[in-house]
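Structure record follows, encoded as structure tokens.
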Amino acid sequence: MSDIWIMRIGHRPDRDKRVTTHVALSSRALGARGIYVDTKDSKLEESVRSVVNRFGGDYTIKTGISWKVAIKDFKGKKVHLTMYGQRIDEALNVIPKDEDIMIIVGAKKVPLEVYQCADYNISVGNQPHSEIAALAIFLDRYTKGKALYENRNGTLTVVPNERWKTVVNNS
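In this text, residue positions in the sequence shown follow this note's numbering: the first is 39, and each later residue adds one.
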């Protein structure tokens, strides 16, 4: 499978810091290669890099990236997650697995231009819901869950355990 990138549009640092952090961490956990955020936010970068440093993996975060430039310059397919798009169960069959994809998720109303420049506008349900949930459902289905228990060679490893919290320090 090729690389998956996330483009977060409309991040408002005072209002969206936890949500955008969760967009980044969810995408990382579910197999994305990195995230671009349109608003500069060094605290967000620091928070996500801290998780990557501790739990491993190859994940990049860049903030202050113009969504127009990022989408225009991206060489792969652009997938916009929205309530108004094609049903996810119909769209998954046509999105290539051998080409990089950029998944576009909004924090506020997404400009019409995004709908027009996306290769795929995909709905994950037709009811109001969280972009974190839509992203997680899309990534899990697109990757068939392959990244969920992947060893990322971090200094910390969480070991699934029915009753206890088991964290192994690998350093």
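We put the CB at the ideal spot given by N, CA and C, even for glycine. Fair warning: this is a prediction, and the values are worked out from it, not measured in the lab.
Under the three-state reduction of DSSP output, Ser40 falls in the coil class, being neither helix nor strand. In the DSSP assignment, no residue is bridged to Ile133. A direct Cα-to-Cα measurement between Glu128 and Leu119 gives close to 14 angstroms. Under the DSSP assignment, Ile103 falls outside any beta strand (DSSP E); it carries neither an H nor an E label. As the crow flies, the alpha-carbon of Arg50 is around 9 angstroms from that of Lys146. Scanning its chain for C-beta atoms nearer than 8 angstroms, with the 5 sequence neighbours on each side dropped, one finds around Val148 the residues Ile47, Gly48, His118, Thr120 and Ile142, in chain order. DSSP places Ser65 inside the alpha helix (DSSP H), whose first and last residues are Pro51 to Ala67.
Annotation for Arg190: Phe93, Gly94 and Gly95 place their beta carbon closer than 7 angstroms to its own, counting only its chain and skipping 5 residues before and after. Within the same chain, Val86 and Val89 come within 8 angstroms of Leu63 by CB-CB distance, once the 5 residues on both sides are set aside. Listed in chain order, the non-local C-beta contacts of Gln124 below 6 angstroms within the same chain comprise Ile160, local neighbours out to five positions each way being set aside. The beta carbon of Val205 is closer than 6 angstroms to those of Leu194 and Val196 in its chain, skipping five residues each way along the sequence. Gln154 carries a helical assignment under DSSP once its states are collapsed to helix, strand and coil. For Leu82, same chain residues with a beta-carbon under 8 angstroms away, outside a window of 5 residues either side, are His49, Pro51, Lys55, Thr58, Thr59, Ala62, Val75, Ile99 and Thr101 in chain order.
Counting along the chain, Asn91 sits inside the alpha helix (DSSP H) bounded by residues Ser80 to Phe93. If you draw a straight line from the Cα of Met45 to the Cα of Asn199, it is about 34 angstroms long.
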